[in-house]
Structures are given as C-alpha cells and as structure tokens.
Amino acid sequence: MPSRQIYLLSPKCLSPETIAVAFAKTSRVPDSFRDIAAELSDESSSKFHEKWVVGYGHSSVAEHAVLHLALENISRLAIECIESNRLASYTEKSTRYQKWGKTDFVIPPELEGHPLREEYIQAIQDLFKTYEDSLMPVRRLIEQQDPRRPNEDDEAWDRRLRSRYVDATRFLLPGAALANVGMTANARVLENAVRKMLSHPLAEVREIGEQVRDVSQGEAPTLVKYADKVPYLVETSQALENYEPEAAETQPSGDWCRLIDYDQDGEDKVLAAGLYRFSEMTFSQALEKVRSLSLDERQELADSMLGKLGPHDIPLRELEYCHYTFDLVMDQGAYAEFKRHRMMSQTPQKLTCRLGYAIPRLITEAGFSLAYQAAMDAAAETYEKLANWNPQVAAYVAPNGFNRRVLAQFNLREAYHFCQLRAASNAHFSIRRVAQQVAGEIRSVHPLLSKYMKIYAETREQIDKDHFSAVS
Ligand SMILES: Cc1cc2nc3c(=O)[nH]c(=O)nc-3n(C[C@H](O)[C@H](O)[C@H](O)COP(=O)(O)OP(=O)(O)OC[C@H]3O[C@@H](n4cnc5c(N)ncnc54)[C@H](O)[C@@H]3O)c2cc1C
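Numbering (my numbering), first residue to last: 63 to 534.
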C-alpha cells in the first residue's frame, strides 16, 4: 500500500496559478502533486487556465489560486462593495481603536467640476472637525472613570482608554472616511468581486475594481483578466430603482428589529436532522419521530444536541435547517460590523440621512451634544442637496450615527455565532443592542433550541439606558 503523503504546495515556491493547475490535474493524471507541479511553468499554467477555466468554464479550479490584496485609502462606503463577497476574508482599519485625521476622506470623482463640490468638502471637513473636537471632552470623562495606573505612560493610558472614547465619537465619521483593508480571496471570488465593482454606481468603486484587476494579474495573469462590467447588474439595479416607491410606511418608534419571518417548524426540523444524521431513517420518519416526543423527551434530545457546547465550540451543522428573517434598523457604525457576517443573506438599503440618528450618552455627558447634533443636522442638509442630484454620492456625507435599514436572513447556527460574538461585553454597544434584541426575538419563538446560546448577561434596555441619549 502506498504510504500516506501530506505536504504543502508552497506559494513561496510556486505561483498561485501553478498551484491551481497542479491540483486541477489530479483529476486526470495519476502522478503525485509534487511531480505534476515539477512539470509546470507559469506559461503552461496560463495556457491550462485559458483552456479549462476561461474556455470550458471549469471555474472551481481558480479557487486554488489565492491572493492577498492590500487596499489603502478607500472610503468606508466603497469598502461595503469590497466586503460584500461571502467567500473572501477581510481585516479593516477599526473605528474603535484608531483615530481619523482631518484630511482622511475621499472626494468622489463624480463631484469633479460639480457646483456642490465645495459644499461637500465643507460638510465633510465640519464633521471631521467636530469629531476631532469631541475626542478630548469625551476622553476626559473616561479618564475620571478610569484613572492612570501607577507607572503608566501617556501612550499606554491612551491605548487603554481609546476604544471607550472613540466608540462614542465614531458616530460622527462619514461614509467618505478613508480606511485600509486587507483582503484574502481566491481567483474565482476575486473575478466576481471585480465584476461587481466594475458594475457599481460609484466611480470610486469602479476605479478600485480596475486597480484590483490590474494588480491581481501580477500574481494570477490569466484568472481575473477577463473580469468586466456586468450589464445584468447595472441594468437590473437601474430598473429596480425606477420603481416609484409606495408612500413609505413610517416605522413605529421602537420597532427597529422586526422578526418578519421564521421557520415555524424550525425546532422540529433541527431535532429531526440531528436524529437523521446518526440513524438510517428518512427525514420524514425522523420528523414524525420528533413530533411524537413528549416535552421532556424533546428537551432531552435538545440537550443531547447542544448541552455539551463549550464556549468556543460551533454547534452542529444541523442547526442550519431553521431560518429567521429580520427587518432591522441600526446605526451605520453597527451596520459596518453587521455586514461582516458573511454567512447571512443581507440586503442593505442605501445609506441615507433619512432614518434619524443616535446620540451616544458619553457625547451628552461630555457637554458636547449641541455641537454633535448641529454637525449631524448640517450633514443631513448637505445629504439632501446631494441626494437630489445623486443619492449614491450623497451617502459619502452620511455619518456613522445615522440609521440604516437592512434585511437579513440567517439560520440558527449563524444566529448562535452572531448573537454570542456581538452581544459580548467587548463588542461595541451599537451592535450589542442588535445582538441582544435578535437573540430575544429568537428566544421568544424557539425557546427550546436557543436557550443554549451563551449570551452576555445584560439587556437591550440596559444598553440603551447606559449608552444612548437617543436611539431608534
Ligand atoms: C473583538 C473583535 C474585534 C474585531 N476587530 C476587527 C478589526 O479591527 N477589523 C476588522 O476588520 N474586523 C474586526 N472584527 C470583525 C471580525 O474580524 C469578523 O469579520 C466579524 O466578527 C465577522 O465574524 P466571523 O468572520 O466570525 O463571522 P461570519 O462571517 O458570520 O461567519 C460565521 C462563521 O463561519 C465561519 N467562516 C466564515 N467564513 C470563513 C472563512 N473564510 N474561513 C473560515 N471560516 C469561516 C467561521 O466559523 C465564522 O465564525 C472584530 C471582531 C471582534 C469580535
């Protein structure tokens, strides 16, 4: 019997496209990966991809070519498109641990020569000035609560306090604020990402798409070079935007987290899937069996599936057979974190200044709420002027504190992950309130299977009281 071999095809020695071909060839060639790779050159790999991936559409081969892209000085608005790819990985400059300087914003190409350009720049500069002015007063408040430790230098003390005061001041940062993001993706994902970017309504995103395609060709010359604008995406977006909205339903205050749909049979399905996995029953038989159980027996079965979950364990995949759909409104800062949950299906509406804004309590306690509200109201005014001309570009001036509406569908397994991670005590209070409320809604409809979620012990009401002077 040939001995087991496990080894790396290292990107230190082979290009991403060559690694992809070495793996692809195992489908037809009996040789070892090592031997296959030894026969390949960049040129022969490129020819292989032209024939199989580009020509015959065997696209999964491109998944073995992985690239790492460093994107710098991109607006946080543009980053939304970049980070919209489920199968890619990202790390972005954090609004919780870093501060923004006065000139760290984008001026969108659409405004070149436009009469509103100066007003746009002024509005963004005003927001950045208010952001900067807010840092010290809020910091002083935190200093009183958390004094310097013996032998702690200025920098160490600031590092310790920063996330707390910056958490409150970040509400002022607009969509135009620049950030850096590292992205790891395979060439198949990247090709689709470039297509989306080239089809995007914002010029900044289209320009980034072209740059991403160009730099990717340095590492994977064949696999992304044909990525182009997708007329389907462009025309479909335009067609849907042309639908006249019905008179907008005003969302009753406090109704910002609506569970609009869920699997009525969800708990039964998850329990039945658990039985199915470890038996030889059909799914109908498993479902019938679950439905015949007494309350105690159901409890026991739920305990067997979830009772032994440790704090870092991922629950069984069978939890994916139960789904929830939420219509949510949260501040843009929270949305920026929410959107990172790639396993969800999410449909955000455009970022606007039309759904109201939150006021963090620390801003009020620092005596800064008048300046804060003046900056938010002024941004909203400029937003409306810009939106009359181009609502996509107008979103650049919308600060993080404004609310954003998003539709999200996810399964119970993702609900466990999202709620546990984002309700944790170290999460930002804006996303904590979303996670707590979502967990509460799920508990109310599926108490049996949600009770094993390990949620940090605080309530949404407490978060609102402790951290906000005003919130949706
Ligand atoms: C304390 C804290 C600090 C953070 N700081 C930053 C920061 O500074 N900058 C920043 O950009 N982000 C930051 N994040 C966001 C974080 O990096 C995640 O992007 C975000 O929490 C989404 O979570 P996720 O990737 O686990 O979940 P989801 O995308 O919801 O995925 C759910 C689960 O699926 C699995 N999964 C999904 N995709 C992959 C994959 N590609 N490979 C392997 N497994 C996968 C994992 O098990 C994951 O937990 C921070 C998060 C926390 C909790």
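Built from N, CA and C at the ideal position, the CB exists for glycine as well.
Item: Looking only at its chain, what residues have a beta carbon closer than 7 Å to the beta carbon of S225, apart from the 5 residues adjacent to it on each side?; Value: R158 and Y159
Item: Please classify S137: does DSSP put it in a helix, a strand, or coil?; Value: strand
Item: Looking at the secondary structure, which residues open and close the alpha helix (DSSP H) in which G271 lies?; Value: A265 to E281
Item: Counting pairs of Cβ atoms below 8 Å between the segment 396-408 and the segment 506-526, do you hit three or more?; Value: no
Item: Count the other CB atoms within 10 Å of the CB of I68; is the residue buried (16 or more) or exposed (fewer)?; Value: exposed
Item: Under 8 Å by Cβ, that's how I've got M406 and A470 pegged, so tell me the actual separation to the nearest angstrom.; Value: 5 Å
Item: Using only the alpha-carbon positions, how far apart do D97 and A84 sit?; Value: 9 Å
Item: Can you find a heavy atom of ligand 1 that lies under 8 Å from the Cβ of R96?; Value: no
Item: DSSP three-state label for E154, please.; Value: strand
Item: Name the DSSP beta bridge partners of Y419, please?; Value: F464
Item: Which full runs of the beta strand (DSSP E) of 3+ residues lie inside the segment 385-453, going along the chain?; Value: 385-393 and 407-410
Item: Can you name the start and end residues of the beta strand (DSSP E) that F530 belongs to?; Value: F530 to A532
Item: Just the Cα atoms here: how many angstroms apart are D104 and E269?; Value: 28 Å
Item: Assuming A241 and I141 make a contact with CB atoms under 8 Å, what is their CB distance in whole Å?; Value: 6 Å
Item: Can you tell me which of the three DSSP states Q67 falls into?; Value: coil
Item: List the endpoints of the continuous beta strand (DSSP E) containing V243.; Value: L240 to N248
Item: Which same chain residues, not among the five before or five after E382, have their C-beta less than 6 Å away from its C-beta?; Value: N473 and R475
Item: Using DSSP bridges, identify the partner residues of A132.; Value: G244
Item: Pull up the CB-CB distance for S146 and K258, whole angstroms please, since I reckon it's below 8 Å.; Value: 7 Å
Item: R211 to L197, Cα distance in whole Å?; Value: 21 Å
Item: Are the Cβ atoms of K331 and D323 separated by less than 9 Å?; Value: no
Item: Just to confirm, does S156 get its C-beta within under 8 Å of one of the non-hydrogen atoms of ligand 1?; Value: yes
Item: Whole angstroms is fine: what's the gap from R494's alpha carbon to L235's?; Value: 20 Å
Item: The beta strand (DSSP E) spanning C319 covers which residue range?; Value: C319 to Y324
Item: From the DSSP secondary-structure annotation, give me the bridge partner or partners of F472.; Value: Y386
Item: For I186, does the count of other Cβ atoms within 10 angstroms reach 16, so buried, or fall short, so exposed?; Value: buried
Item: Tell me where the alpha helix (DSSP H) around R505 begins and ends.; Value: F491 to V507
Item: I'd like to know if the segment 438-449 and the segment 412-421 are in contact, where contact means that at least 3 CB-CB pairs between them fall below 8 Å.; Value: yes
Item: Here's the rule: buried if 16 or more other CB atoms are within 10 angstroms of the residue's CB, otherwise exposed. What is M245?; Value: buried
Item: With a threshold of 16 other CB atoms inside 10 Å of the CB of D317, please say whether the residue is buried or exposed.; Value: exposed
Item: Report yes if the C-beta distance between A247 and S341 is below 9 Å; otherwise report no.; Value: no
Item: Should V496 and Q411 be called a contact, given that it needs their Cβ atoms to be closer than 9 Å?; Value: no
Item: What is the DSSP secondary structure of F110, counted as helix, strand or coil?; Value: helix
Item: Any chance the CB of T153 is under 8 Å from a heavy atom of ligand 1?; Value: yes
Item: Closer than 6 Å by C-beta to Y227: which residues in its own chain qualify, once you throw out the five before and the five after it? Chain order, please.; Value: V200, R201 and I204
Item: Sort E329, T192 and Y182 by Cα distance to S431 and report the nearest one.; Value: T192
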